[in-house]
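Report on one structure; see the data block that follows.
Protein chains: 2
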Amino acid sequence: MVVLPKKALRPRTVGRLSIYRRVLNQLLENGSVHIFSRDLATLAGVSASQVRQDLMNVPACGTPQHGYSAIELLLSVNRCLGTTTRASTVLLGAGHLGQAILAHFQATQPDLEMKAVFEVDPALVGQRLHNITILPLTDLEYQLRLIKAKVAILAVPSNVAQILAEQLVNAGICSILNFTPIRLQLPQHVYVEDNDIQTSLERVAYYATAPMNQGVNA
Amino acid sequence: MVVLPKKALRPRTVGRLSIYRRVLNQLLENGSVHIFSRDLATLAGVSASQVRQDLMNVPACGTPQHGYSAIELLLSVNRCLGTTTRASTVLLGAGHLGQAILAHFQATQPDLEMKAVFEVDPALVGQRLHNITILPLTDLEYQLRLIKAKVAILAVPSNVAQILAEQLVNAGICSILNFTPIRLQLPQHVYVEDNDIQTSLERVAYYATAPMNQGVNA
DNA sequence: TAGATTGTTAATCGATTAACAATC
DNA sequence: TAGATTGTTAATCGATTAACAATC
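Protein chains in written order, with my numbering: chain C, 12 to 229; chain F, 12 to 229.
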């Protein structure tokens with residue numbers, strides 16, 4: 012096991028490490044002490060090769076006899092994904108989807124800290140949601156700078172997605188989780204993750220009827 | 012342009028065709044008649060090569076002078092993705108996320124027809140949501156067979172995800188949109204699309220702080 | 001016609017899987 | 001020790017990009 016100079020992980024690797032982390036937490040709750048790559052693979056829905064390949068980035072340290080120490084591996088993955096500082100986060104859009112996302116925050120406590128919720132609908136502005144006051148979108152950029160927001164979650168109507176995204180970037184946001192079906196046109200340095208429910212729906216519709224013979228599974 | 016015997020499209024291709032479809036609809040609303048692969052590419056956030064590669068599956072028929080006819084291309088994509096029959100769909104879980112998904116249905120009318128909503132919480136059972144009565148999870152399999160459900164959307168707590176998924180498959184479901192963070196263990200013939208908000212959150216968190224130098228964009 | 005674009009094939013790139021020496 | 005597993009490199013697979021003849 013060789014420790015390389017730290018390098019950015021690929022998005023898919025980060026996704027799988029995040030899954031391994033959850034599996035490990037679950038295992039520890041159930042009293043497991045050690046785990047083999049094969050078993051971790053099964054629980055995470057990937058191949059054993061993939062697990063070992065991913066763990067090269069962590070880095071992990073297993074033995075042929077017991078595999079990996081569950082607790083050590085978990086700590087190592089945490090260190091790799093960087094739980095040290097919780098990035099300052101804002102949510103745009105307090106509709107059903109926005110509220111569902113806030114509920115996720117409550118339950119899972121990711122490496123993010125929700126600092127503010129913004130909303131156009133005047134009926135919602137001023138209300139409190141999970142202990143966070145809903146702010147108007149009018150002085151968005153000022154507020155973002157004030158709280159030094161780094162991450163934004165975009166759960167607003169399509170027609171305002173691009174213009175709001177540009178304001179976000181202007182105000183220093185560097186990572187966006189985009190729930191709108193619009194493909195945002197932004198500078199390269201901004202990380203954008205699209206979570207497009209509309210496309211997801213159309214894909215399950217397609218495979219409900221289409222010839223799905225040759226194990227085309229996701 | 013050669014018409015090949017129809018073959019299942021790959022998930023990513025389906026996703027992009029779904030995006031092209033939306034872009035084309037928008038263009039037609041704005042009065043565009045023709046479109047070049049390069050412009051479609053820009054609007055969809057992909058390369059022109061990618062667009063032409065995808066359109067080989069449709070198939071499309073463009074000219075060097077005007078590119079593609081927007082309306083013909085749209086119809087062709089629709090035919091390819093198969094809008095003919097709307098697959099019978101059910102939603103499991105009527106929490107915030109479930110309600111947000113139902114709202115998407117209202118707005119976008121995908122190639123799915125929502126037939127029933129199931130929920131454990133007795134307080135919600137019996138209520139109506141977007142004109143659909145919320146049913147209890149007790150006689151799930153019977154109800155699914157009754158309405159010949161083909162697609163299921165899973166928006167339930169993690170701890171019941173696997174057991175419910177198995178019931179779904181038993182009752183003839185062949186395509187699942189999985190919003191839980193659990194990786195479902197199901198037979199190969201079932202298409203499962205994971206839309207894991209928790210992982211999405213952890214990924215944007217990672218790229219908010221991590222070295223994100225070499226255009227690692229999604 | 002001249003020139004830009006299409007449809008398609010070839011090349012590249014990245015991600016996953018297989019293989020295997022080292023190891024406990 | 002014998003045997004199964006790790007860490008790592010090589011091979012494969014699939015997806016994206018580049019190239020270019022055909023074309024309008």
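All residues carry an ideal CB built from backbone N, CA and C; glycine is no exception.
Beta-carbon gap between residue i and residue j smaller than 7 Å
i: Ala55 (chain F); j: Tyr79 (chain F); result: no
i: Ala172 (chain F); j: Thr191 (chain F); result: yes
i: Arg23 (chain C); j: Val25 (chain F); result: no
i: Ala219 (chain C); j: Ser186 (chain F); result: yes
i: Ile208 (chain C); j: His115 (chain F); result: yes
i: Leu92 (chain C); j: Leu39 (chain C); result: no
i: Leu212 (chain C); j: Pro133 (chain F); result: no
i: Ala71 (chain F); j: Ile46 (chain F); result: no
Cutoff 7 Å; reference residue i; Cβ partners in own chain excluding five residues on either side
i: Lys11 (chain C); result: The question about residue 11 (chain C) has no answer here: the residues shown for chain C are numbered 12 through 229.
i: Leu140 (chain C); result: Ala105, Gln110, Leu113 and Val128
i: Leu123 (chain F); result: Arg97, Ala98, Thr100 and Val162
i: Ala176 (chain F); result: Leu165, Ile187, Leu195 and Leu197
i: Val34 (chain C); result: Leu51, Leu54 and Ala55
i: Gln37 (chain C); result: none
i: Ile143 (chain C); result: Met125, Ala127 and Val128
i: Ala19 (chain F); result: none
i: Leu15 (chain C); result: Any reading at Leu15 (chain C) must be qualified, since the residue scores a pLDDT of 43, below 50, and its modelled position is unreliable; no value is offered.
i: Arg21 (chain F); result: none
Beta-carbon separation (whole angstroms), residue i vs residue j, contact threshold 8 Å
i: Leu108 (chain F); j: Phe129 (chain F); result: Not confirmed; about 14 Å, so no contact.
i: Leu135 (chain C); j: Ile145 (chain C); result: 5 Å
i: Val57 (chain F); j: Val88 (chain F); result: With a Cβ gap of about 14 Å, Val57 (chain F) and Val88 (chain F) do not count as contacting.
i: Leu188 (chain C); j: Asn206 (chain C); result: 6 Å
Residues near residue i by beta carbon distance below 8 Å, same chain, minus five either side
i: Glu152 (chain F); result: Gln178, Asn181 and Ala182
i: Asn202 (chain F); result: Here the sequence assigns Tyr to residue 202 (chain F), which means Asn is not the residue at that position. The residues are Cys185, Ser186 and Ile187.
i: Leu193 (chain F); result: The sequence shown places Ile at residue 193 (chain F), not Leu. Correct list, in chain order: Ser169, Ala172 and Gln173.
i: Gln117 (chain C); result: His141
i: Thr210 (chain C); result: Pro192
i: His200 (chain C); result: Cys185
Proximal residues to residue i (C-beta, below 6 Å), its chain only, five neighbours per side dropped
i: Gly104 (chain F); result: Ala166 and Val167
i: Arg49 (chain F); result: Ala59
i: Val62 (chain C); result: Ser48, Leu51 and Ala52
i: Leu85 (chain F); result: Leu35
i: Gly137 (chain C); result: none
i: Gly73 (chain C); result: Tyr79
i: Asn41 (chain C); result: none
i: Val131 (chain F); result: Leu148
i: Gln64 (chain F); result: none
i: Glu204 (chain F); result: Leu188
Chain F contact residues for residue i, given Cβ-Cβ distances below 8 Å
i: Ala59 (chain C); result: By Cβ distance, chain F contributes nothing, its closest Cβ being about 15 Å from Ala59 (chain C), past 8 Å.
i: Tyr153 (chain C); result: Result: empty, since nearest Cβ-Cβ is about 21 Å, beyond 8 Å.
Beta-carbon neighbours of residue i, restricted to chain C and to distances below 7 Å
i: Ile112 (chain F); result: Ile208
i: Leu108 (chain F); result: Ala111
Within chain F, partners of residue i - CB distance below 7 Å
i: Thr119 (chain C); result: Gln209
i: Thr149 (chain C); result: Within 7 Å Cβ-Cβ: nothing; Thr149 (chain C) doesn't reach chain F, min ~25 Å.
i: Lys161 (chain C); result: Ala219
Closer than 9 Å at the beta carbon, the chain C residues around residue i
i: Glu177 (chain F); result: What Glu177 (chain F) touches in chain C: nothing, since even the nearest Cβ is about 15 Å away.
i: His45 (chain F); result: Here the premise fails: no neighbours, minimum Cβ distance about 21 Å.
Neighbouring residues, chain F, relative to residue i (Cβ below 9 Å)
i: Arg214 (chain C); result: Pro22, Val25, Gly26, Ser29, Ser186, Leu188, Tyr202 and Glu204
Contacts that residue i makes with chain C (C-beta to C-beta distance below 8 Å)
i: Ala55 (chain F); result: Arg194
> If contact means a Cβ-Cβ distance below 7 Å, which residues of the stretch 31-42 of chain F contact chain C?
Replying inline: Arg33
> Of the residues that make up the stretch 122-144 of chain F, which ones have a beta carbon closer than 9 Å to any beta carbon in chain C?
Replying inline: Asp122 and Leu123
>> At a CB distance below 7 Å, what residues from the stretch 76-100 of chain F approach chain C? Give them in sequence order.
In response: Leu92, Gly93, Thr96 and Ala98
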